[in-house]
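Protein sequences appear in the order of chains B and X.
Each step along the first sequence adds one to the number in the UniProt record's numbering, with nothing skipped, and position 133 is 133.
Each step along the second sequence adds one to the number in the UniProt record's numbering, with nothing skipped, and position 103 is 103.
Each residue gets a CB set at the ideal place from its N, CA and C atoms; glycine is no exception.
Below is one structure, written out as structure tokens; comments come after it.
There are 2 protein chains.
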Amino acid sequence: MTTNREAKRAQLRQRLIEAAEIELREKGLKGLKARDVTARAGCALGALYNVVDDLDMLILEVNLRTLIQMGEALNAAVSPKGSRPSSGQDASPDAVMQALAATYTDFAIENHNKWLALFEHRLPKGHEVPDSYKQAHSALIEVIVPPLARLRPDLSTDELMLRARTTFAAVHGVVHLSLQAQFVGVPIANLKAEVKALVEAMTRGAALATP
Amino acid sequence: MTTNREAKRAQLRQRLIEAAEIELREKGLKGLKARDVTARAGCALGALYNVVDDLDMLILEVNLRTLIQMGEALNAAVSPKGSRPSSGQDASPDAVMQALAATYTDFAIENHNKWLALFEHRLPKGHEVPDSYKQAHSALIEVIVPPLARLRPDLSTDELMLRARTTFAAVHGVVHLSLQAQFVGVPIANLKAEVKALVEAMTRGAALATP
DNA sequence: AGTTATTTTTGAACATCGTTCAAAAAAGTA
DNA sequence: TACTTTTTTGAACGATGTTCAAAAATAACT
């Protein structure tokens, strides 16, 4: 049966990705070793290279998962299933932005190592970032566009996309430097309050640009 | 002569730091190899470990240099030697913040690899970040306090320091994601304009908090 | 100046990585 | 069952950070 072959192959692939995800979560990007991953997945060292080009590509696969999980968290914050009218897309732009920023902050705190790997991992030159990766990241950015559009009805779609990236990156920077304890960022105890203040200032400043 | 000994030792130390700085600038953090550094410094491989605990500590030394250089650039932007009244500390808070942010952006662009290493490098656990490091970074933050204090006279010194870190980190995040091309950040062509818009929004929003 | 003691420098050797690939094991085919 | 093809394996390789006994250099002493 030829389908059994590729099924087992896909199964091993999934096992390796999951093993890598656990190793990453527990030991961080620098602690992720090929031998540990294959041992956890219950296969030989070389098997990794039958399923994936590179260890870097396996990491990329894990990162893609993380991106998707983060996207789900952000979307859930904005399109709540139950009743949470304070953060739905029809709430005030500031409330939506606050909900998004708070969710991003929580995600980063709760998935520290996996979240860090998104930004620590660099592809060896020659390799290109796959489209699925860029796409998953764009999805994150797009949830910021609606509230931003209400604050800045004067901006074009392209300008809004650009500004959304900037807004995302600003919040990201505060969280990033804070969680990277070696650098003097915002103390974690103050992180959520400072992110809130930042978003408040940004939305107020944005609203002022178009009275 | 016993002073000759430690003088030569210090000389070798400087040579190694400078070699590491060049290697870092040319090849990035991941391309920095102990053998290349010692070859460039003209000493044996093992000599590195007579002068420094670790390769990580050598990198930390280079990073400290980079932090100091960045501090000098930021201070020069705010306390211009010649005549540039538009950005001195007595200029409008927004103008000062804009000058600082633009300087930071330029520094990051012009010293890409060295600047990236500041945030990519992680100490192996057990090692603590030296005080000189934290001090150099605090110095960067402190130049933001004066303009911020004029925007927010209601905040205490501690609150201002905290908000300064947040402001710095927000600008940093936009630059960081933008220069990290693998992620969909702001395109470099738009970077300076977006940083400007961000600072504008933040200062306007901050000013609004205390009319 | 010559001899010995101390300190410094050296680079071969080691441990740990990611990666490869010939051989073994497994699966498919007749 | 015997043969072919595919897959899996793990020993081996090259690269890298780190160590340390030996060599070289320097200091101290007579």
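For the stretch 90-102 of chain B against the stretch 119-128 of chain B, do three or more pairs of beta-carbon atoms, one drawn from each stretch, fall closer than 8 Å, so that the two count as touching? No, the stretch 90-102 of chain B is not in contact with the stretch 119-128 of chain B.
Is W52/B close to chain X, meaning its C-beta is less than 7 Å from at least one C-beta of that chain? The residue you call residue 52/B lines up with position 52 of the first sequence. Strictly speaking, residue 52/B in this sequence is Val, with Trp absent from that position. At a cut-off of 7 Å between C-beta atoms, V52/B does not count as an interface residue with respect to chain X.
Is the Cβ-Cβ distance between L208/X and R204/B less than 7 Å? Here the question's residue 208/X lines up with position 208 in the second sequence. Here the question's residue 204/B lines up with position 204 in the first sequence. A contact, by the Cβ cut-off of 7 Å.
Express the C-alpha separation of F168/B and F107/B in angstroms, rounding to a whole number. On the first sequence, residue 107/B is found 107 positions in, with the first residue counted as 1. On the first sequence, residue 168/B is found 168 positions in, with the first residue counted as 1. Answer to the nearest angstrom: the Cα atoms are 14 Å apart.
The stretch 127-143 of chain B touching the stretch 63-71 of chain B, judged by at least three CB pairs closer than 8 Å: Contact between the stretch 127-143 of chain B and the stretch 63-71 of chain B is present: 3 or more CB-CB pairs across the two stretches fall below 8 Å.
As assigned by DSSP and simplified to three states, the class of V145/X: Here residue 145/X refers to the residue found at position 145 when the second sequence is read from its first residue. V145/X falls in the helix class under three-state DSSP.
Do the CB positions of L160/B and A149/B come within less than 7 Å of each other? If you number the first sequence from 1, residue 160/B lands on position 160. If you number the first sequence from 1, residue 149/B lands on position 149. Yes. Within cutoff.
Any chain X beta carbon closer than 7 Å to N190/B: Stepping through the first sequence from its first residue, residue 190/B is reached at position 190. At least one chain X Cβ lies under 7 Å of N190/B.
Under a CB-based cut-off of 7 Å, is L32/B close to chain X? Here residue 32/B is taken as the residue at index 32 of the first sequence, counted from 1. Closer than 7 Å: no.
Check whether the Cβ of G126/X lies closer than 7 Å to any Cβ atom in chain B. Here the question's residue 126/X lines up with position 126 in the second sequence. No, its Cβ sits nowhere closer than 7 Å to a Cβ of chain B.
Is there a Cβ of chain X sitting closer than 7 Å to that of K134/B, yes or no? The residue given as residue 134/B occupies position 134 in the first sequence. Output row for K134/B: interface = yes.
Give me the chain X residues within the contact set of E194/B, using Cβ-Cβ distance strictly less than 8 Å, ordered along the chain. As a working note, residue 194/B is residue 194 in the first sequence. Neighbours of E194/B on chain X, chain order: L162, R163, R165 and T166.
Are the stretch 174-187 of chain X and the stretch 4-21 of chain X in contact at 8 Å, needing three or more beta carbon pairs? No: fewer than three Cβ pairs fall under 8 Å.
Could you tell me whether the stretch 8-22 of chain B touches the stretch 31-45 of chain B, using the rule of 3 or more Cβ pairs below 8 Å? Touching, yes.
Would you list, in sequence order, the uninterrupted alpha helix (DSSP H) runs of no fewer than 4 residues that lie entirely inside the stretch 18-105 of chain X? Every alpha helix (DSSP H) of 4 residues or more that sits fully in the stretch 18-105 of chain X is shown, in chain order, as 34-41, 48-51 and 55-78.
Assumed close pair T105/X, V186/X - CB separation to whole angstroms, cut-off 8 Å: Within the second sequence, the letter at position 105 stands for residue 105/X. Within the second sequence, the letter at position 186 stands for residue 186/X. So it is not a contact: roughly 11 Å between Cβ atoms.
Chain-ordered neighbours of R65/X on chain B, where CB pairs are closer than 9 Å: Taking the first residue of the second sequence as position 1, residue 65/X is located at position 65. Residues of chain B whose Cβ lies closer than 9 Å to the Cβ of R65/X do not exist, since the nearest Cβ in that chain is about 16 Å away.
Look up H172/B in the DSSP assignment and say whether it is helix, strand or coil. Taking the first residue of the first sequence as 1, we reach residue 172/B at position 172. Shown here, H172/B sits in a helix according to DSSP, grouped into three states.
For a contact defined as C-beta to C-beta under 8 Å, what are the partners of V96/X on chain B? Residue mapping note: residue 96/X aligns to position 96 of the second sequence, counting from 1. Going along chain B, no residue has its Cβ under 8 Å from V96/X, so there is no contact; the nearest lies around 16 Å.
Measuring straight from C-alpha to C-alpha, what distance separates residue 259/B and A73/B? The displayed coordinates of chain B run from 1 to 211. Any statement about residue 259/B would go beyond what the structure contains.
Report yes or no: is there a C-beta of chain X within less than 7 Å of the C-beta of Q69/B? Within the first sequence, the letter at position 69 stands for residue 69/B. Q69/B does not count as touching chain X.
Listed by chain order, chain B residues near I109/X by CB distance under 7 Å: The sequence position of residue 109/X within the second sequence is 109, counting from 1. Residues of chain B passing the Cβ test: none, with the nearest at roughly 15 Å.
What's the gap between the Cα of L12/B and the Cα of W115/B? In the first sequence, residue 12/B corresponds to position 12, counting from 1. In the first sequence, residue 115/B corresponds to position 115, counting from 1. Those two C-alpha atoms are separated by around 24 Å.
Given a cut-off of 7 Å, decide if L151/B and A206/B are closer than it, judged by their beta-carbon atoms. Counting from one through the first sequence, the residue named residue 206/B turns up at place 206. Counting from one through the first sequence, the residue named residue 151/B turns up at place 151. Taking 7 Å as the Cβ cut-off, A206/B and L151/B qualify as a contacting pair.
Under the three-state reduction of DSSP, which class applies to A139/X: helix, strand or coil? Along the second sequence, one-based indexing puts residue 139/X at 139. Collapsing the DSSP output to three states places A139/X in a helix.
Is there a Cβ of chain X sitting closer than 7 Å to that of L148/B, yes or no? By 1-based counting over the first sequence, the position of residue 148/B is 148. Judged by the 7 Å Cβ criterion, L148/B is not in contact with chain X.
Return no unless some Cβ of chain X is closer than 7 Å to the Cβ of V62/B. Your numbering for residue 62/B matches position 62 in the first sequence. Taking Cβ atoms only, chain X never reaches closer than 7 Å to V62/B, which makes this a no.
In chain B, what lies closer than 8 Å to V186/X by C-beta? Along the second sequence, read from residue 1 onward, the residue named residue 186/X stands at position 186. Correct list: L162, R165, T166 and A169.
In chain X, which residues lie with their C-beta within 7 Å of the C-beta of M202/B? Here the question's residue 202/B lines up with position 202 in the first sequence. Neighbours of M202/B on chain X, chain order: A201, M202 and G205.
For my contact list, V195/X and A101/X are in at a C-beta cut-off of 8 Å; report their separation, rounded to the angstrom. Here residue 195/X refers to the residue found at position 195 when the second sequence is read from its first residue. Here residue 101/X refers to the residue found at position 101 when the second sequence is read from its first residue. 5 Å between Cβ atoms; contact.
Assigned secondary structure, S156/B (DSSP; H/G/I helix, E/B strand, else coil): Taking the first sequence and counting its residues from 1, one reaches residue 156/B at position 156. Reduced to three states, the DSSP call for S156/B is coil.
Alpha-carbon to alpha-carbon, Q69/X and M202/X: Here residue 202/X is taken as the residue at index 202 of the second sequence, counted from 1. Here residue 69/X is taken as the residue at index 69 of the second sequence, counted from 1. Spanning the two alpha carbons is a distance of roughly 26 Å.
Distance between A189/B and residue 231/X (C-alpha atoms, nearest Å): No answer is possible for residue 231/X: the residues shown for chain X start at 1 and end at 211.
Buried versus exposed call for L140/X [16 or more other C-beta atoms within 10 Å across all chains shown]: Mapped onto the second sequence, residue 140/X falls at position 140. That one is buried.
Check whether the Cβ atoms of N113/X and G173/X lie closer than 7 Å to each other. In the second sequence, the residue the question calls residue 113/X occupies position 113. In the second sequence, the residue the question calls residue 173/X occupies position 173. No; because the gap between Cβ atoms is not below 7 Å, this pair is not in contact.
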